[in-house]
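See structure below.
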Amino acid sequence: MLDTVPVRYSTLLIDLDHTLLDTDASEAAAFDSAMRSAGVDDPAAHLPAYHQINRTLWAAVERGEIATADVRTARFEQLVQQVGLAADPLQLADDFVAGLGNNGELYPGARAVLEALIALPGVRLALLTNGLSEVQRVRVNRLELERYFGAIVISSEIGAAKPAPAIYDAAFAMLGGPAKAGALMVGDSLTSDIQGGRNYGIATCWYNPQRRADAAAASLVDYDIATLDALLAVVQG
Ligand SMILES: [Mg+2]
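Numbering that gives the first Met the number 0 puts the first residue of the sequence shown at 0, with every later residue one more than the last.
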């Protein structure tokens with residue numbers, strides 16, 4: 000009888016938004032619903048402004064300048080002011096986070112990859128996400144993701160966000176202190192996922208389906224994959 004072949008990486012830290020989850024679809028549906036509830040007839044016209052504001056705020060979270068929870072309302076306070084909407088930013092924020100939780104599916108094939116990963120001997124997964132608990136917990140439950148992950152680590156619950164080592168410490172503690180040498184961070188963002196993995200001293204796998212070129216990637220990325228199922232070969236080494 001053959002011995003079981005050990006995997007190259009047995010601890011996988013995996014990002015949620017834009018890596019497993021179709022976040023663009025989730026945001027578009029939530030934005031449309033929140034804006035229509037506020038009486039805005041043409042939500043799509045304001046979506047680019049929202050995206051710009053949201054990106055800027057999350058970049059500030061990554062730099063440790065603001066907390067994850069600050070993003071929730073600030074993005075709508077700024078949007079209302081910038082485009083001159085007669086709407087209550089707090090109500091927009093409430094409706095939007097409800098919509099984010101209730102909308103958006105895993106990318107096609109992502110669930111099959113998760114199934115294949117947890118079937119590998121000794122492999123454990125952690126979901127490691129910069130996000131709001133009230134959004135991500137609803138998604139995790141609705142999409143039945145608990146069964147794949149030994150730890151679900153959400154920045155608003157931890158009080159630290161990728162790329163800070165503190166959120167990786169939290170994930171490793173929840174997993175019972177696995178060896179860093181067998182750990183791999185997987186995600187679409189160079190500034191949060193990949194920089195964070197590098198900061199923590201673990202291997203990094205950039206999910207890059209658009210085949211973006213980035214000068215920073217060369218020094219940060221150990222593996223560059225165009226499809227999520229390519230992760231299986233990386234993990235098996
Ligand atoms: Mg992401």
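Glycine included, every Cβ here is placed at the ideal spot set by N, Cα and C.
Inter-residue spacing [alpha-carbon to alpha-carbon] between residue i and residue j
| i | j | result |
| --- | --- | --- |
| proline 42 | valine 70 | 20 Å |
| tryptophan 120 | threonine 190 | The question names tryptophan, yet the displayed sequence has proline at residue 120. Taking the straight line from one Cα to the other gives about 31 Å. |
| isoleucine 65 | aspartate 228 | 35 Å |
| aspartate 87 | asparagine 102 | 22 Å |
| arginine 123 | leucine 89 | 39 Å |
| alanine 111 | glycine 83 | 45 Å |
| asparagine 129 | serine 155 | 7 Å |
| glycine 196 | alanine 217 | 14 Å |
| isoleucine 166 | alanine 118 | 26 Å |
| aspartate 7 | aspartate 31 | In the sequence as presented, aspartate is not what sits at residue 7; that position holds arginine. About 44 Å. |
| histidine 17 | aspartate 23 | 8 Å |
| tyrosine 222 | alanine 97 | 35 Å |
| glycine 181 | glycine 200 | 11 Å |
| glycine 38 | asparagine 140 | 30 Å |
| leucine 15 | tryptophan 57 | 15 Å |
| leucine 131 | alanine 59 | 15 Å |
| leucine 19 | tyrosine 106 | 6 Å |
| glycine 149 | aspartate 40 | 43 Å |
| serine 36 | phenylalanine 95 | 10 Å |
| tryptophan 205 | glutamine 80 | 36 Å |
| lysine 179 | histidine 50 | 35 Å |
Nearest-angstrom beta carbon gap, residue j and residue i [assumed within contact, 8 Å]
| i | j | result |
| --- | --- | --- |
| phenylalanine 171 | proline 162 | Actually they are not in contact, since the Cβ atoms of phenylalanine 171 and proline 162 sit about 15 Å apart, beyond 8 Å. |
| leucine 11 | leucine 183 | 5 Å |
| leucine 174 | alanine 125 | 6 Å |
| alanine 169 | isoleucine 151 | Going by Cβ atoms, the distance from alanine 169 to isoleucine 151 rounds to 11 Å, so no, they are not a contact pair. |
Cβ-based neighbour list, residue i, same chain, cut-off 6 Å, excluding 5 preceding and 5 following
| i | result |
| --- | --- |
| leucine 99 | Ser25, Ala29 and Val134 |
| alanine 115 | Leu231 |
| glutamate 76 | Pro88 |
| glutamine 235 | Val6 |
| alanine 159 | Ala165 and Ile166 |
| alanine 85 | none |
| alanine 68 | Ser155 |
Cβ neighbours of residue i in the same chain (closer than 7 Å, five flanking residues each side left out)
| i | result |
| --- | --- |
| alanine 225 | Asn207, Pro208 and Arg210 |
| alanine 257 | No information on residue 257 is available, as it lies outside the stretch 0 to 236 that the chain covers here. |
| leucine 219 | Leu189, Ile193, Gln194, Arg197 and Thr203 |
| leucine 144 | Leu126 |
| asparagine 53 | Arg74 |
Beta-carbon proximity list for residue i, same chain, < 8 Å, skipping 5 on both sides
| i | result |
| --- | --- |
| methionine 0 | Because methionine 0 sits at a pLDDT of 49, beneath the cut-off of 50, its placement in the model cannot be relied upon, and the following sentence gives the value as read from the coordinates. Counting only Cβ-Cβ distances below 8 Å, and skipping sequence neighbours, we find nothing. |
| aspartate 21 | Gly103, Glu104, Leu105 and Tyr106 |
| threonine 3 | Pro120 |
Check: residue i C-beta below 8 Å from any heavy atom of ligand 2
| i | result |
| --- | --- |
| arginine 138 | For the structure depicted, ligand 2 is absent and the ligand set comprises only ligand 1. |
**OP:** Could you pull out every unbroken alpha helix (DSSP H) segment of at least 4 residues lying fully inside the segment 124-209, listed in chain order?
**Re:** Correct list: 132-141, 154-157, 164-173 and 194-199.
Subject >> Neighbouring residues (CB closer than 6 Å to any heavy atom of ligand 1) >> reply: So the residues near ligand 1 by this Cβ test are Asp14, Asp16, His17, Thr18, Gly186, Asp187 and Ser188.
Original post:
Fully enclosed by the segment 0-48, which alpha helix (DSSP H) runs are 4 residues long or longer?
Top reply: Fully enclosed alpha helix (DSSP H) runs of 4 or longer: 22-36.
**OP:** Output the residue ranges of the alpha helix (DSSP H) runs that lie fully inside the segment 53-96 and measure 4 residues or longer, sorted by chain position.
**Re:** Counting only runs of 4 or more residues that sit fully inside the segment 53-96, the alpha helix (DSSP H) segments are 67-82, in chain order.
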